[in-house]
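The structure appears right after this line, and notes come after that.
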Amino acid sequence: MKPFLALCQAYPSRCLRRTPLIRDRLAFPQSALRYPVVLSRRWNSGLFANTDDTIFALSTAQGPAGIAVIRVSGPAALDIYKSLCPSKPLPRPRNATVRTLFDPRSSTKSEVLDSSALVLYFPAPETVTGEDVVELHVHGGTATVKAILSAVPQCGPSSSVSQPFSRRIRYAEPGEFTKRAFMNGRLDLAQVEALSNTLSAETEQQRRAAVRGAGGELGRQYEKWRQNLLNARAELEALIDFSEDQHFDESPAELLGNVAKYVHHLLASIEQYKRAGERSELVRNGIRIAFVGPPNAGKSSLMNLIVGREASIVSSEAGTTRDIVEANLDIRGYLCSFADTAGFRTTHEIDGKAIGAIEMEGIRRARQKAEDSDLVVVLASVEASRDTSSGLKFAIRYDAETLKLAAAAKDRILIVNKIDTISPDLYQSLLSQFISEISSIVPELQGLDVMSISCAQREVVSGLASAKYPDYIQALTDKLVSLFTNMTSIPADMQSLFGVTSRQCQLLEECTNHLQNFLQIAQPQADTEAEADIVIAAEHLRFAASCLARITGRGDVPDVEDVLGVIFEK
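Under UniProt numbering, the first residue of the sequence shown is numbered 1, with each subsequent residue one higher.
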């Protein structure tokens with residue numbers, strides 16, 4: 001195929017009648033790309049209004065502290081410094097300098113705000129916002145911080161009434177420093193989301209995931225995919241425009257086939273990113289764990305022992321738990337949300353009567369909770385046998401429906417409680433029978449390890465494990481952490497994928513749909529249909545590229561402002 005720009009020069013009127021994509025290429029050629037594409041951002045005038053303002057804010061927590069940091073960013077940052085530190089030279093860039101801060105509102109300019117503040121100056125564009133930045137590290141007393149914050153808007157020429165509205169000095173809006181960093185190309189939206197996750201991280205695993213996604217690798221990869229799709233679309237559109245006048249080395253079918261090969265490869269990569277996104281969301285949002293089983297199996301006791309407090313009511317009376325009781329816990333860096341649910345049953349054990357409407361509603365909610373959870377913990381328990389024909393005084397009591405819920409869950413743990421009520425030999429006999437029974441009822445659980453515990457013994461020893469009283473909770477915690485690691489692990493060479501968020505996954509899913517639609521069209525077609533198919537195929541590539549642009553905030557995306565407003569407010 002002849003170079004695209006040569007075709008545009010030969011037929012300029014036909015190029016200009018085509019999409020803005022081709023017009024942008026003609027105006028902004030880049031030698032680095034075979035068919036370069038340059039698309040500029042479009043900003044909503046409301047969301048990004050008054051970007052010439054100089055903004056400031058307290059960057060450290062409010063309240064008394066040893067040091068408070070006030071950050072200033074914008075065109076008047078140096079004017080603010082000169083007003084607060086009159087007759088003092090500008091500090092060397094990126095060097096901390098001790099300065100006395102004076103109140104610019106004082107007629108004599110001699111009223112001291114802070115006698116020994118550290119001042120740092122960061123010249124644009126290599127700053128956090130891409131603008132001139134001044135940081136004031138002042139004493140953190142409430143009155144000192146309040147006085148300096150009230151003095152900053154009065155600094156520099158912007159304090160004059162004659163100054164235009166667009167050059168004000170004002171307190172920053174929520175997320176505005178990050179917003180300016182994005183506008184000036186210092187961050188892309190994927191990095192902004194990683195920053196938000198860093199600030200909201202509560203556990204060690206959340207912190208690690210946020211840091212791994214903050215390096216910018218995700219944004220660069222998304223942008224590479226987008227550019228490749230736009231280049232492929234350009235080749236298809238060039239074929240549409242010039243096929244009647246120019247000789248092409250590739251037929252329409254061959255060109256579609258070559259593009260389809262890349263799309264197949266891209267779909268495989270996107271699928272990998274979506275799977276990583278699901279795993280990283282478990283780290284960010286917490287792993288949901290549901291305890292299910294028959295009444296009095298020990299669900300509430302076990303949850304209380306794990307979380308270390310009486311989150312659930314424990315009673316010998318069956319059906320005590322009617323509603324879902326939830327408790328969050330940090331287990332070795334993993335945020336976990338435990339849910340104690342109502343015991344599954346259809347009749348009362350004593351009189352055989354049907355259970356009431358309230359308890360039935362509790363069981364329905366328990367069933368729904370288990371279906372929505374990432375990990376289902378099924379409890380059974382050693383109880384006095386009600387079947388006298390077997391000749392056994394004890395049996396392991398379980399609920400078949402909870403076993404089926406576990407089989408359908410993403411991950412599962414099966415626990416038998418109250419093993420302290422019988423001898424070890426008898427328990428081993430009952431356990432073998434129990435494993436055989438559940439394997440026949442739910443074949444999917446065949447081979448699943450069964451944990452044996454005694455909540456009563458664990459309560460007696462109060463954390464002092466011994467050979468007689470093993471630390472069942474410690475063993476269960478080890479098991480949980482092992483499962484959490486498997487549920488959230490990502491290969492070592494792909495750690496940046498921890499930054500893939502649910503928003504990115506949704507857009508990647510949309511991109512996948514458009515690419516699959518392209519592949520349906522890219523199948524071999526008759527020559528009479530080739531041109532029409534190429535037009536539609538090119539549009540699907542455009543839609544797919546637009547989804548990737550919405551992830552990073554780059555390119556010609558009409559609704560990106562809606563996304564920005566939500567992200568920056570965090």
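Don't be surprised by glycine CBs; every beta carbon is placed ideally from N, CA and C. Note that the structure is predicted; figures quoted are calculated from it, not measured.
ask   = Measuring CA to CA, which of Ser-439, Gly-308, Arg-180 is closest to Cys-455?
value = Gly-308
ask   = Taking the DSSP output, what are the residues bridged to Arg-288?
value = Ser-337
request  = Using three-state DSSP, classify Thr-501 as helix, strand or coil.
outcome  = coil
ask   = Which residues mark the beginning and the end of the alpha helix (DSSP H) in which Gly-362 is found?
value = Here the alpha helix (DSSP H) through Gly-362 covers 357 to 372.
message = At the level of alpha carbons, what is the spacing between Gly-130 and Pro-491?
response = 34 Å
query = Just the Cα atoms here: how many angstroms apart are Ala-538 and Leu-379?
reply = 55 Å
Inter-residue spacing [alpha-carbon to alpha-carbon] between Ser-106 and Leu-90 = 21 Å
Close-in-space but distant-in-sequence residues of the same chain around Leu-414 (CB under 6 Å, 5 per side omitted) = Val-378, Leu-448, Val-450
ask   = What's the C-alpha gap between Leu-431 and Lys-369?
value = If I take the Cα positions, the gap works out to 28 Å.
message = Restricting to runs no shorter than 3 residues, where is the beta strand (DSSP E) found entirely within the UniProt domain "GTP-binding protein TrmE N-terminal" (54 to 186)?
response = Listed in chain order, the complete beta strand (DSSP E) runs (minimum 3 residues) inside the UniProt domain "GTP-binding protein TrmE N-terminal" (54 to 186) are 54 to 58, 65 to 73, 97 to 102, 112 to 122, 133 to 140, 169 to 171.
ask   = In chain order, what residues of the same chain have a beta carbon less than 7 Å from the beta carbon of Asp-145, not counting five sequence neighbours either side?
value = Looking at the sequence itself, residue 145 is Val, so the reference to Asp does not match. Excluding residues within five positions, the ones whose Cβ falls inside 7 Å are Leu-58, Ala-68, Val-138.
ask   = From Thr-341, Thr-512, Asn-417, pick the residue whose C-alpha is nearest to that of Glu-371; which is it?
value = Thr-341
key: Selection from Thr-421, Lys-393, Ser-440 that minimises the alpha carbon distance to residue 581   = For the chain, the structure presents residues 1 to 570; residue 581 sits outside this window and is missing.
message = Let's test the definition: count the other Cβ atoms within 10 Å of the Cβ of Gln-523 and tell me whether it reaches 16, buried, or not, exposed.
response = With a threshold of 16 other beta carbon atoms within 10 Å, Gln-523 falls short and is exposed.
task = Quick one: using the 10 Å Cβ neighbour count with 16 as the cut-off for buried, is Ala-143 buried or exposed?
result = exposed
task = Kindly indicate the opening and closing residues of the alpha helix (DSSP H) around Thr-212.
result = It is worth fixing the name first, because residue 212 is Arg in this sequence and not Thr. Note, Arg-212: alpha helix (DSSP H), 204 to 212.
Local conformation of Ala-408 per DSSP, three classes = helix
inquiry  = One question on the structure: do Tyr-427 and Pro-294 come within less than 9 Å of each other, judged by their Cβ atoms?
reply    = no
ask   = In this structure, does DSSP put Asp-533 in helix, strand or coil?
value = helix
query = For Ala-380, which beta-bridge partners are listed by DSSP?
reply = Val-416
request  = List the DSSP bridge partners of Ile-331.
outcome  = Tyr-334
Enclosing alpha helix (DSSP H) for Phe-484 [first to last residue] = 472 to 488
key: DSSP-derived helix/strand/coil call for Thr-347   = strand
query = Got a sec, what are the start and stop residues for the alpha helix (DSSP H) Ala-194 sits in?
reply = Where Ala-194 is concerned, the enclosing alpha helix (DSSP H) stretches over 189 to 200.
key: Assigned exposure category for Val-112 - 16 Cβ within 10 Å defines buried   = exposed
ask   = With a cut-off of 9 Å, does the C-beta of Ser-107 fall near any C-beta of chain B?
value = Going by chain labels, chain B is absent from the structure shown, which holds only one protein chain.
ask   = Using CA coordinates, which residue listed in Leu-507, Ser-381, Arg-332, Met-183 is at the minimum distance from Ser-482?
value = Arg-332
query = Helix or strand or just coil, what does DSSP make of Leu-392?
reply = coil
key: Residue span of the beta strand (DSSP E) that contains Ser-452, given as start and end   = 450 to 452
task = State the CB to CB distance for the pair Arg-99 and Phe-498, rounded to an integer number of angstroms; the pair is presumed to be in contact (CB under 8 Å).
result = Between Arg-99 and Phe-498 the beta-carbon gap is near 41 Å, outside 8 Å, which marks them as no contact.
For Arg-226, three-class secondary structure by DSSP = helix
message = If you reduce the DSSP assignment to three classes, tell me which class Arg-397 lands in.
response = strand
task = For the alpha helix (DSSP H) holding Asn-304, just list the boundary residues, first then last.
result = DSSP places Asn-304 in the uninterrupted alpha helix (DSSP H) bounded by 299 to 307.
ask   = Going by DSSP, what residues sit across from Glu-326 in a beta bridge?
value = Note: Glu-326 sits in a beta bridge opposite Ala-339.
ask   = Should Thr-501 be listed as close to the ligand MN, given that the test is whether its C-beta is under 8 Å from any heavy atom?
value = Ligands are entirely absent from the displayed structure, and the ligand MN is therefore not among its contents.
query = Going by DSSP, which residues form a beta bridge with Ala-354?
reply = Thr-347
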